[in-house]
Every structure is written in C-alpha cells, then in structure tokens.
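Structure, as structure tokens:
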C-alpha cells in the first residue's frame, strides 16, 4: 500500500491519550500509528490486551478524539466529523443490541435513520438476516438469542446501512472457542461477499489470520509490522512479533496452529466449507 | 446452540463499490455539513441545563437566600446593615438548644433504629423467596409515600387514651415520635439496601464459607462490607428525612417536642419572629449540608461498587428450620414483628378509628361528613373540594417536577470527556439534591416574602394559586432525579455509540435509545412526584389560601379544631388521602416492572 492513496482509510501518525487535562498529559494509548486500508480490504489489528488497538479503532470511528495525527477516508480528512456522519459501521464485543427492539427492528435501525421506505427496509432486513444465517428471526426478542446469534444480529445491523468501512472491536471474543472459529470464517465470508472494507480488532492470531487480508501487529501503542498473514509467519520483523504470533524467537513456528489457521482462511476465501 | 453453528452458505451478491454510499458532494465536506448539528446539540444541552437552573434559582435559591439573609441584616433608615445580633440572641436561648438537641436525638435514634430493623427486612424481602413476597414488599413501601400529616394522625389515634396503644402512654413522647419516624423510613433502608443485596454476587460469600467461615462470620466479613456503601447511603437519607421531619412531629410532638423545622414554623406563624426563624434556617442548613455530604460520598461509592455485582438475581427459599446453612428464623421474626406491629398496626388503627362515629357507634358517619365544611364551619371548603384541589395541584406539580427533574437526570447521567464539564455536572447533581434537605417550611415562607413581584415583574404570584404546585414541585424534584438517574446511568454508553455509528444524530440517539429505556423510570418518577405532591404539607401550609386548601392542610386544620366531629373527619380524610397516595404508588411500581430502579 503506497502512501498517499486516495481511496479507503488512511491513518497518519495517530495519537490517542486518556485522562488528559490541562495540567497532565495523560496516558498514551496510541502512539503515532500510521495505517492504510484499501477499499474492499480487511485488515486485522492484532495485539495483546491494553496495546491500544481498541483505542485506535475508536479514534477511527470518531468516538475518541485524536491528540495528534489524522484520520482520512477517500482522501477527506475526518477531523471534526462526528460518529454519525462518518458512514462507518461499528461492531462491539458484546453486540450492544437495543434491548427494547426486536431482532428485525435492531437491524432496521440504521435504515430508519437513513429514511429508507418501510417496504424496502423490510426486504433489506430479511435479506441481511438470511445472510447471517438467521432467516425468519426478525420478530424475535433479542433477549431470547444465544451469544453467537446476538453477534450475528449485530453484524447484520452494522452492515444494513452499507457502511463505507466496518470497524469490528473483538466481535468474537465473548464466545466460546468452537463457535469463535466457525463465526470467524462466517464473518470473512460475509465481509468479502458484500465487498465491505473492514478493520477487525482481535487479540487472537488464529482469528486474525482467518479473517484478514493483512494483519497489523500492535504492541504498547505502536504498530510493529503490517503484512499478509503468510509474510508475517515467514518473516516476523522483530522477536516481539514472533513471540506474539506464537513463533519462537528465530521465526520458526512452535506449533502447527498458525499455519493450520492460514490454510483454513485460504480455503474459506475460495469458497469451501471448512467447518 | 444450533443457530450459532449454522453456516452462512447463501451466496451474497457483491455490492458494486460506491452504489449505496452517499453521493459525494464536492461543494460541502462532511465536516462543514455537521457544523449545523453541533450548534443544535450545544443549544439542546444549553436549554436542558438552563431551564432547570433557572427554575431552581427563581423558585428555590432566591426565596431561601432572601429568607436566610433576614437573619443577617436589619433594615435601618440608612438601608440594610449587617447585623449578627440575631444569631447571638437566638443561640443564647435555652429553648434553641433544647430544639437542636431534640432534632439530633430524634434523627439519630430514628436512623439507628431504621437501619437495625431494616437490615433483616432487606435480607428477608430481597434475599429470600416466600409466597406473598411481592405483597409484603408493596406493603413496606406504602408508609414512605404516606403524607406526614396522615402518619401523625394515625399514630396519635394509636397512642390516644382508648387507642390500641393507649396503655403505653406514648402520647407526646420522644419514643412515640421516633416510632413514627421509623415507620416512615423503614422502607428507605429496606429498599436501598435490599436492591443492592439482591444483586450481590453470592459466590463471594460462598467462597468465604468454603474457606471455613461460619454463616455469621461470612456475613460479617464479606456481605456486610459490600453492603456498607448502600447502608451508609440509606442512613444518610433517613437522617435527612428525620432531621427535617415536619408534619409528623407537629402533630405528635405537641408543645413539648419539636424539630428545628417545626420551630421555624412556630416562630414564623405563631410568634411572627422572622429573624430568629431565619437564624434557625441557617442552623438547619448546616445540619443538612453535613448529612448531604455524607450521603453523596456514600452514593458515589455505591455506584462504583455496583460494577462488582452480578446481574442475576439470587434468592433462596426462606429457611425457618435450622439446617446446615443456618436458619432465617431471626430475621424473619424481626421482619414479621416490624411489618405487623409497626407498619400495619397504625394503619389498621387509623381505619378502625375512622369508622367510629362521633357518638361512639360504628358506621360511615365520618366519611359522610367529608361533604361538609366540618363542625362549626372549621373549614372554608368541603373535604371533597379539598381533594379536588389536591389532585389538581399535584398533577401540575408532577408535570413541572418531571420536566425539570427529567432534564436534570438526563444532563447528570452524562459523563463529559472534559474534566471541567464533569465537575460542572457533579455540581448540578448536588444542587438539585438541596431541596431535599432544606426545610419545606423555609421554601414556602421564602416564597411569601420574595414572589410578590418576581424579577421585578408586576404579577403577584402569591394570589395566582400557581405557587402551591411550584413549591410542591421543588420538593418533588430531588426524588424524580434520584428515581430516573440510576436507570439512565445504567444504559451502556456503547449502546449510544452503536446507534451513532449507525448514523443516528445525537437527538435521534436520545429519542430512540435513552427515551425508550428511560421510559419505565419515567412512570415511577411521575407516580412518585404525584404522591409526594399530594401529601406535601410544609410548604403548602404556608401558601394555600383557605379556598384552595389541599387535603393535608385540611386534615391539619381539622385536628386543630375542637369537637369529636372534626376529629372523626380528620381520620376519615386521612384514610382517603392514604388510600389515594398508596394507589398512585402501586400503579407507578407496576409501570416500573422488575427492573432495578431508583434509590428510595
């Protein structure tokens, strides 16, 4: 990805601070990160808890102010543009479904905001629920859904307004392992099928490799390496990257898991069922 | 989980890039376009802050401050002069210190007893399951919303010679007042502590048990510390209510016992001594400010502590027999005695006595008499007309209180990013708690001396009849805020962020997220405000004119007049008012459902 691209997301030298006041500088969560995401691309932000990946995502969404640097989309600087005008979708770890709306009206929320006519809205909701494997769930109360179903509804809801960029903040972390592996594949399928540009935050390298085209490894507020999964596995830039990917310091896989995960991702994108 | 495992096999047509995206507009960037709604947002929040602040300034701060200043200044020919001799004079009176001592003694004893009796109640009603629990919970809540005058009349009927407790000689006694205060505030402790206890993760106590602690030791070392902030918060609120008790003390205390509040009333209305009343108001403010400080500290801790608790409600069956896990016999017995003896007995006594006709026979004579103006025309209006006045003013008061209090709760529920704004929000929160502690008598009396020409306008609000609902609203606003705030604060901020990410502008987020989720607390808040306004006596007794007298005012007037007929009418009117407020509260509770609600 060359610098200065005009399509997609461009983050330049982003700094995010917490607890800053006039007297104190506050803690630095994101420390001068630059990252590009091309249109249609899925990039995973991978790093341990507290490395600043969620803060970076929230800054891109417009939920945290930048203490420095810029966030631009399609060449337009987004400084001062509030969340609801950015046209970005956002998916939280625990879905954050509206408890007072049923499944269908949750998915329809963004469409109502856009003023989409009722009939068209209903058709789109039905289509999206079918896409995430929950056809016919529109009338269900969200309280009756299982954890995985909730995340599927949340995914459908964030895709409904056709966001120009979808931000996923550890969307699968609250689920159990088997379900997480299956849903990671499903999420990738849905994102690629809808041609959605996406940033996917996770602390699980298997998940990152399954979902993303490129993986950005983050630690202590800084980006260590941004590369396609196979490059990352073959040539980790630093011992810290290797360590976090579960490789020994000399860059050789400790176990077969990461490469296995990559295989899964490859077969997935070619359309085969891996589960 | 079948649904989770399903694969997304359906092929999804690829959306051509750019089709559904907003058409690019070269002329105006996104940043330019939204500047308009940023101004809108500032304007909206500005109004949400300015309207309540303006209300508080005109209808609370100004009257109260004006009244208090009467204690500091004297009018001389040269103009106003600072004069602290009023303080010296009042503070050197033996009577003043007797009243202050009585206020503190009554409040402390009442608080202590409420907490001691309320803890077992909270345990039995919120941690145990038994048939009829909902009914008992409702029953326990009723006294809290009962008008203070009604409670006074009920206890007086109980203690009077020939009453159910006539043999105990509690009439005009310290013990009698304290019992009435506990009757009132038992519910505050049970509900505040119970609400917390219900949500306390039982596994902490189980872990202690597994480490070898006896049930009592586990309670003492794990549960009690966790409940500490809730207990402290409840105790501070109860102390506040006890220290500013007015109607109940006025009716029960007679000439021997009083509080600073009743003393202010006596000195203004009986002795027309405004200066010493103003000095006493300052004295009361000091007591109240201390209690509020403790209360807000405890509340902040409680809201922090709430994060540690589990969402699931954990209750076990009431165990009346000794088992491996101990028995609930003692708390169950204490609760039974309190509910039956302290809560039900006075109410039952009131109803029974109200059915006793003036000639000693049983019948509805007292209720029939409610259509009259009392013996020897004790009243200007019939009791039914007073009831109409009460309902009308309470409806207006509830409307004002919910609009103003709702806006305050909305603003205070926000956590602004800027530290300065956060502090400002905290100050706003505290400011609207003040009416809870400042004597309603002070407010009512302050209205009288300031609002003849509000803000220099040539309208005398005192004769317009608008002051009564406004004064009642001032008293009800803190309760509305405290009812709605916890519910609004419990809305996960990420829910709003999710809505914003879906394209909802701030106003729309408010309408589609905060609105529906806060609506349940709105029902309870309206009910609360209405019930409190119905029973408000302190300020109303100053402001209501004879022809617009409300039910509590009429009741107090009736018991002050001689004659068995008037006394019987007062009893019957008290029953009517009690039934009315209790019904309003029950309906409001229904509206709330099972969600964890406010603090009272």
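Chains as they are written, first to last, in the numbering used here: chain A, 69 to 343; chain B, 18 to 617.
Ideal Cβ positions, reconstructed from N, Cα and C, are used throughout, including at glycine.
- Per DSSP, residue 166(A) is not a residue of any alpha helix (DSSP H), being assigned neither H nor E.
- Using a 10 angstroms sphere on the CB of residue 291(A), the tally of other CB atoms reaches 16 or more, which defines it as buried.
- Short of 6 Å from the beta carbon of residue 283(A), and not among the five residues preceding or following it, lie these beta carbons of its own chain, in chain order: 112, 114, 276, 297, 300.
- Around the beta carbon of residue 146(B), a 10 Å sphere encloses fewer than 16 other beta carbons of the protein chains shown; the residue is thus reported as exposed.
- Every candidate alpha helix (DSSP H) stretch fails here, since none sits fully inside the segment 414-440 of chain B while reaching 4 residues.
- DSSP, reduced to helix, strand and coil, places residue 119(A) outside both helices and strands of the structure shown, so it counts as coil.
- For residue 215(A), the enclosing alpha helix (DSSP H) has its first and last residue at 215-227.
- Within the segment 236-295 of chain B, no run of beta strand (DSSP E) reaches 3 residues while sitting entirely inside it.
- Using a Cβ-Cβ cut-off of 7 Å, residue 293(A) is close to nothing in chain B; its nearest Cβ partner there is about 28 Å away.
- If you keep only unbroken alpha helix (DSSP H) runs of at least 4 residues inside the segment 57-135 of chain B, you get 79-86, 102-108.
- Annotation for residue 205(A): no beta strand (DSSP E) segment contains it, and DSSP assigns it neither H nor E.
- DSSP lists 96(A) as the bridge partner or partners of residue 85(A).
- When rounded, the separation of the alpha-carbon atoms in residue 226(B) and residue 242(B) is 16 Å.
- In this structure, the CA atom of residue 121(B) is about 16 Å from the CA atom of residue 267(B).
- Using a CB distance below 7 Å, the part of the segment 171-195 of chain A facing chain B consists of 177, 178, 181, 182, ordered along the chain.
- For residue 214(B), the closest alpha carbon among the candidates 418(B), 333(B), 124(B), 98(B) is that of 333(B).
- In this structure, residue 252(A) and residue 240(A) form a Cβ contact; the two beta carbons are roughly 6 Å apart against a cut-off of 8 Å.
- Chain A has no Cβ within less than 9 Å of the Cβ of residue 308(B).
- Comparing C-alpha distances from residue 138(A) to each of 79(A), 123(A), 204(A), 176(A) shows the shortest one belongs to 79(A).
- Within the model, the alpha-carbon separation for residue 395(B) versus residue 388(B) is close to 13 Å.
- A straight line joining the alpha-carbon of residue 116(B) with that of residue 511(B) spans about 52 Å.
- Taking a beta-carbon distance threshold of 9 Å, residue 533(B) counts as an interface residue toward chain A.
- Cβ neighbours of residue 207(A) within its own chain (closer than 8 Å, five residues either side excluded): 170, 171, 172.
- The Cβ-Cβ distance between residue 450(B) and residue 538(B) does not fall below 9 Å.
- In the three-state DSSP reduction, residue 392(B) falls in the helix class (H, G or I).
- Residue 286(A) is bridged by DSSP to 291(A).
- Per the Cβ contact rule, the segment 555-575 of chain B is in contact with the segment 480-490 of chain B (3 or more Cβ pairs under 8 Å).
- Secondary structure note for residue 262(A): it is in no alpha helix (DSSP H), with a DSSP letter that is neither H nor E.
- Under the Cβ criterion of 9 Å, residue 273(A) is not counted among the residues facing chain B.
- Where residue 551(B) is concerned, the enclosing alpha helix (DSSP H) starts and stops at 532-552.
- For residue 515(B), at least one C-beta of chain A is nearer than 9 Å to its own C-beta.
- Within chain B, the residues 519, 520 have their CB atoms less than 7 Å from the CB of residue 229(A), given in chain order.
- Nearest neighbour of residue 96(A) by Cα position, chosen from 87(A), 157(A), 160(A), 199(A), turns out to be 87(A).
- Look at residue 190(B) here: in three-state DSSP terms it is coil, with no helix or strand label.
- Flagged as an interface residue toward chain A: residue 511(B), by a C-beta distance shorter than 9 Å.
- In the three-state scheme derived from DSSP, where H, G and I count as helix and E and B as strand, residue 273(A) is classed as helix.
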